[in-house]
Structures are given as structure tokens and as C-alpha cells.
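Peer 1: When we follow the numbering used here, the leftmost residue of the sequence shown carries the number 1194, and every step to the right adds one.
Every residue gets a Cβ at the ideal spot worked out from N, C-alpha and C, and that includes glycine.
Keep in mind the model is a prediction, meaning the values are calculated, not measured.
Have a look at this one.
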Amino acid sequence: MSVDAAVPFEDSFLSPNRFTRPSGDLFLNDAIMAMPGSATIKIGNLYKALPPEEQKDACDLSLGQLNGTDFPTPKHVIDAMISALKNNMTGYTPAGGTKEFRAAVAHKFRRDNKLHYEQDEVMGGAGGKQILFNAFAVTLNDGDSVIMGVPGWVTYKPVVEYFGGKMIEVETEWDNDYKMTAAQLREALQTAKDNDQVVKWVILNSPSNPTGALYTKQELREIATVMKDFPDTGILSDNVYEYLILNEEDKFCDIAQVVCDPEDPIELKNPILIASASSKSDAMTGLRTGYGAGPAWLIAAMIKFSEQSTNNPNSVAQEGARAALEEDRDRSDWIKTLRDHRDAAQKILGNKLGRPPKSKPNAFYIFQGVENAIGKIRPDTNTVIETADDFAMYVWETQRVAVTPNEGFGGKDPAIRISYAARKDKLETGCHRLCAAFDKLKPAPDAELKTGSKGVEHASTAMNIDPQKRPSDKKTSLREAFKGVMKSATRRLARLRPAYLNFREKTQSSLSL
């Protein structure tokens, strides 16, 4: 018998909190009200909300998770967790993890990265997210800044801002695989210094989410050289995709390895924190086991924060992660499968939607441009596709394909993130549907404007009119562009008005209760 069936509805009470929400959301603090939800989780939830029979036909290419069919959690990891349960290892552990788990983390760094950490320099957490959350919690004061390249992972900025920090976003370029250059970093650090801003962290994520781009050893050396001039700024290296290097010519390297290179070390005083997890490398996303390595004084503060928040990582999952970290596992079959998935998807997509990645991506994401769809008309609603978000909602609503738009990653180029960790049949079906959805778009009848990575262009550009035949009067061109922008904005407001009126009616009804 189900839990719900145990108590007949007519014999149960209504929730005492159903009608007691304070007006204007005054009960919730400003920081959480300002925090956006995760863009990746939002898109994934659209898929999960479908009835089971509709999920079978839909294609979820949004989730950053290895599918269980092609990439099952390794047997020795599952066996370790089963053993932990049989031995009743279900109690509290130290907040930073068991000594066995922390020893396994230190062992992994010595074996795979040639970095020597003592046990008090490593910690466990409830996923890699908690390592980042704790780091920002114990280091950021109101007004402190953090630098990251965009597009970048959706969680960095909201958490920084939650703790009163400010994110300095460095806009990266397709030509450089959306990687922040040493010159861009120096400019951002120097500008912040000139404006009396305290920069606590520079975030490096390699391979990157959402682009799959990998920083080379030389690029990291150049960044480390810049950081020498700003010794009070820490470096947060997010290495969660470390083991998913698909290209034979690419080698993983992080900035800590560059600094400690025995052949050519760099004398760096900046604190370096490495954040990682077993989530991606061993298909353990739901088991929530992350780990971090850094200076003992920083790790101690982060563990103290865990003591007063989550306490320890899951005790059973720690045993699974310990087993995963201790074994020098061969992932070549997984790498081969991921490479096959990536290449199949890119063959289908080509450059139909827009620019494909400049280089073959690692991890399991394709950061696909969709600029060819911008300015075109949805056949079902006769509305203009103006952003990557518009395109993502269009393909979801018409094709049931879930992808994540670049807006969620802070980037400006019209692009979407496609996860090729999905089952291959779903991946190929989804990519074909993306192309089919694009083919159904209609050109704008007036072609009044075209929005792309460079902003708004004049109508003649959108219609591919010969530049020699464009109006020479600059005022006329600007006036026409402005009229186009206003017309577009009016259309978008008109689409939003019914939802707003419905929301207002419901809100007023709730308040009247």
C-alpha cells in the first residue's frame, strides 16, 4: 500500500501553512530572492516533468551526466558501498570525511597529478558544488570580487553573489575556444586593483563546462606568470572533468602541476584550491561525493563551515568514492564511446545551426552556435527567434529536445550546450530534430534586424543586401535600427502580457484569502 493511500484524503487535515505566506516575499532574505535557479537544472526539469510515456520520445541533451547504459557506475564502487551498508557504516563521519577517504584523495593526487598533499590539506564534501560553496563562504566579504571567463558554469556567479561578492566576467572568444587569455586576466586584475577592488579568486575550469575546452600547459604557465604579480588572489581550479580527455593530442594539466613542475617550477605565493568530484569520472552524480585540496588553513576553515551546515558527506558514498579513487582505473572504453558520440553528433549538426566548436571538445559537451536561427520566425507562433534561449524553448516545445542556452552560462554569443553523454540513439535523434526544427523556421518578412554575437545589425545586413546599395545616411540607418529594436521589444512584451495578467490575478486572489 502506498503512503498516500494510508490516510484517506477526507480524513486528513489541510497543510497549516497553505494560506500563511507573507505578502511580498518579505520572509525570504534578499540574497536568495536575487539568486537565479540553475539554468541546467531548469532545462532538465522540463524533461523530468513529462509523463513517462512522453519521456520515451523526448531527448534530454541538457544534463551533465553520463547515462547509465553506456557508462554504468563501476562494479567495484558499488561493491564497496554494499559492503559499507552490510557493515552498518551509516553513522556520522568527521565533517571533512573519513581518514580512509581523505587518504584516498591524497593518494589520487600523488599518483595522477604528482602533487603531495597531507591529510589536513584535503577534504570531502557533498559533491564538488559543496567544495566551491564552502570556499566562497569562508573567504568572501561583502564587495570582494571573483574573476571568471564566460561562458562559464552556471553555479559560480550565483554563489559568489549570495555571499556578497561581485563576479568580474571576462568575455572570451570563439577563436580561442572560449578560454580566458593571460592578457585578458592581467587586464581584469589590474583594472580591479586600480579601482581598489579586492579580488579573492580567479576561477579556472578545464576541461570547461559548457565548452569542453582544455587549457594547455603553456597557457597555464602564462596565467601563473600573471598571478605572480597579484599574490593575494587565490586560484580555484575546477578539475571535475579531469579524466574525460577525448583527444589523443590533449593532455590534462592544472595550474598546481605547472607551478610545481620539477623541471621548471614557478615561484607562486597565491593560494591554490583544487575542487573535484567522483561524479563525472566514475558516474556517481547522485551519490554526491566531492573533494578539495589546498592550504591546510583554508581546508580547516572550509571543514568548520561544513560542521555548521551539512556536516559530513554521505558515509556510504564516501566508501564508493574511496574505492574509485584508490584504483587507477582504465577509462579507455568510456573515452572511445564518448568520442564516438561526439563525432556522430557533430557530423549530423555540421554548421547548419551556426558555428561548431573551433576545436574538438573534451568532457562531454558540444558548445554549438545557433546564430543562423537568430532573426527567423517560429512557424508555430509566428514569433522571432532573438536569442539562444528562444531557440532552446522552440526546439523543446516543438521537438521535445532539451538543450541549454548560452544565456545561462553568462556568454553573449547565440549558442547552446549539447551533452553528448546521452545514449547514442537519443543523441542522434535529438541532433536530427534540432536540424529539422531549424529547417522549419521562416525568414522574417520584413527582415528588420538581425541579432547575433555582434549585437544588432541593420536590415540590409540581415537581408544580405549589397553594401553598395545601403542607405548612406547614417541617421536614417540608426533610425531604422532603433525602430526595429522597438518593434521587437513590443512583440516580446505582447507575448508576456497574458502571463503577467494571469500571475497578477492569481496573486490578488491569494492575498484576498
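I want to know whether the stretch 1569-1585 touches the stretch 1339-1358 - three or more CB-CB distances under 8 Å.
Peer 2: These segments do not touch.
Peer 1: Between Glu1546 and the rest of its own chain, which residues show a CB-CB distance below 7 Å, the 5 nearest in sequence each way excluded?
Peer 2: The sequence given here has Leu at residue 1546, not Glu. Excluding sequence neighbours, Leu1546 sits near Gln1561, Gly1562, Val1563, Asn1565, Ala1566, Leu1627 and Phe1631.
Peer 1: Any chance the stretch 1490-1505 sits against the stretch 1445-1463, with 3 or more Cβ pairs inside 8 Å?
Peer 2: The answer is no - the stretch 1445-1463 does not touch the stretch 1490-1505, with fewer than three Cβ pairs under 8 Å.
Peer 1: Exposed or buried, which one is Met1420 when buried takes at least 16 other CB atoms within 10 Å?
Peer 2: With 16 or more Cβ atoms within 10 Å of its Cβ, Met1420 is classed as buried.
Peer 1: According to the neighbour-count rule (16 or more other Cβ atoms, all chains shown, within 10 Å of its Cβ), is Tyr1371 buried or exposed?
Peer 2: Buried: at least 16 other Cβ atoms inside 10 Å.
Peer 1: Using the C-alpha atoms, what's the distance from Asn1575 back to Ala1494?
Peer 2: So the alpha carbons of these two residues sit roughly 55 Å apart.
Peer 1: Do Ile1324 and Tyr1436 have their C-beta atoms within less than 9 Å of each other?
Peer 2: Not a contact, by the Cβ cut-off of 9 Å.
Peer 1: When you compare only the Cα positions, how much space is there between Arg1548 and Met1586?
Peer 2: Those two C-alpha atoms are separated by around 20 Å.
Peer 1: Determine the burial state of His1534: buried for a count of at least 16 other Cβ atoms within 10 Å of its Cβ, exposed for fewer.
Peer 2: Buried, by the Cβ-count rule.
Peer 1: Which residues in the same chain have their Cβ closer than 7 Å to the Cβ of Gly1603, if we skip the five residues on either side of it in sequence?
Peer 2: Val1343, Pro1344, Gly1345, Lys1350 and Glu1362, listed in sequence order.
Peer 1: Per DSSP, what are the beta-bridge partners of Met1360 in this structure?
Peer 2: For Met1360, which the question treats as bridged, DSSP gives the partners Val1339.
Peer 1: Run the proximity test for Ala1537: is its beta-carbon closer than 8 Å to any non-hydrogen atom belonging to the ligand GDP?
Peer 2: In the structure on display, the ligand GDP does not appear, and there are no ligands present to speak of.
Peer 1: Report the start-end ranges of each alpha helix (DSSP H) in the stretch 1356-1419 that is 4 residues or longer and not cut off at the edges.
Peer 2: As far as the stretch 1356-1419 is concerned, its whole alpha helix (DSSP H) runs of at least 4 residues are 1375-1387.
Peer 1: If you draw a straight line from the alpha carbon of Glu1529 to that of Ala1296, how long is it in whole angstroms?
Peer 2: For clarity, residue 1529 is Lys in the given sequence; the question names Glu instead. Their backbone Cα atoms lie some 31 Å apart in a straight line.
Peer 1: In this structure, how does DSSP classify Tyr1240 when only helix, strand and coil are distinguished?
Peer 2: Residue state, collapsed to three classes: helix.
Peer 1: Determine the closest residue to Leu1254 out of Leu1239, Phe1220 and Glu1246, with distance taken between C-alpha atoms.
Peer 2: With distances taken between Cα atoms, Leu1254 lies closest to Leu1239.
Peer 1: Output needed for Asp1147: all residues of its chain with C-beta closer than 6 Å, excluding positions within five of it in sequence on either side, in chain order.
Peer 2: No answer is possible for residue 1147: it lies beyond the span of the chain, which begins at 1194 and ends at 1706.
Peer 1: Specify the secondary structure class of Ala1614 as computed by DSSP and reduced to three states.
Peer 2: In the structure shown, Ala1614 sits in coil (DSSP, three-state: anything other than H, G, I, E or B).
Peer 1: Would you list the residues sitting across from Ile1467 in a DSSP beta bridge?
Peer 2: DSSP, once it has assigned bridges, lists Ser1430 and Ala1486 as partnering Ile1467.
Peer 1: Report all residues from its chain with a CB closer than 7 Å to the CB of Asp1443; omit the five preceding and five following residues, and keep chain order.
Peer 2: So the qualifying residues of the chain are Leu1407 and Asn1555.
Peer 1: Please state whether the Cβ-Cβ distance between Thr1482 and Ala1514 is less than 9 Å.
Peer 2: It is a contact, given that the beta carbons lie within the stated cut-off.
Peer 1: What are the boundary residues of the alpha helix (DSSP H) that Met1274 is part of?
Peer 2: Segment Lys1268 to Lys1279, the alpha helix (DSSP H) holding Met1274.
Peer 1: So within the stretch 1521-1588, which uninterrupted beta strand (DSSP E) runs reach at least 3 residues, ignoring any that extend past its ends?
Peer 2: Runs of the beta strand (DSSP E) inside the stretch 1521-1588: 1558-1562.
Peer 1: Please classify Lys1473: is it buried, with 16 or more other beta-carbons within 10 angstroms of its beta-carbon, or exposed?
Peer 2: Looking at its Cβ environment, which holds 16 or more other Cβ atoms inside 10 Å, Lys1473 is buried.
Peer 1: Taking the beta strand (DSSP E) that Met1316 falls in, what are its first and last residues?
Peer 2: Counting along the chain, the beta strand (DSSP E) containing Met1316 begins and ends at Val1315 to Gly1318.
Peer 1: Rounded C-beta distance between Ala1299 and Pro1506? I'm assuming under 8 Å.
Peer 2: With a Cβ gap of about 16 Å, Ala1299 and Pro1506 do not count as contacting.
Peer 1: Provide the residue span of the alpha helix (DSSP H) that contains His1309, from first to last.
Peer 2: His1309 -> no alpha helix (DSSP H), and no H or E assigned at all.
Peer 1: Would you call the stretch 1247-1262 in contact with the stretch 1593-1603, where contact means no fewer than 3 C-beta pairs closer than 8 Å?
Peer 2: At 8 Å Cβ cutoff, the stretches touch.
Peer 1: Grab me the residues of Pro1229's own chain with a C-beta within less than 8 Å of its C-beta, minus the 5 sequence neighbours each way, in chain order.
Peer 2: Cβ within range, chain order: Pro1351.
Peer 1: When you compare only the Cα positions, how much space is there between Lys1497 and Val1391?
Peer 2: One C-alpha to the other measures close to 24 Å.
Peer 1: Apart from the five residues on each side of it in sequence, which residues of its chain come closer than 6 Å, Cβ to Cβ, to Ala1637?
Peer 2: Hits under 6 Å: Gly1568 and Ile1570.
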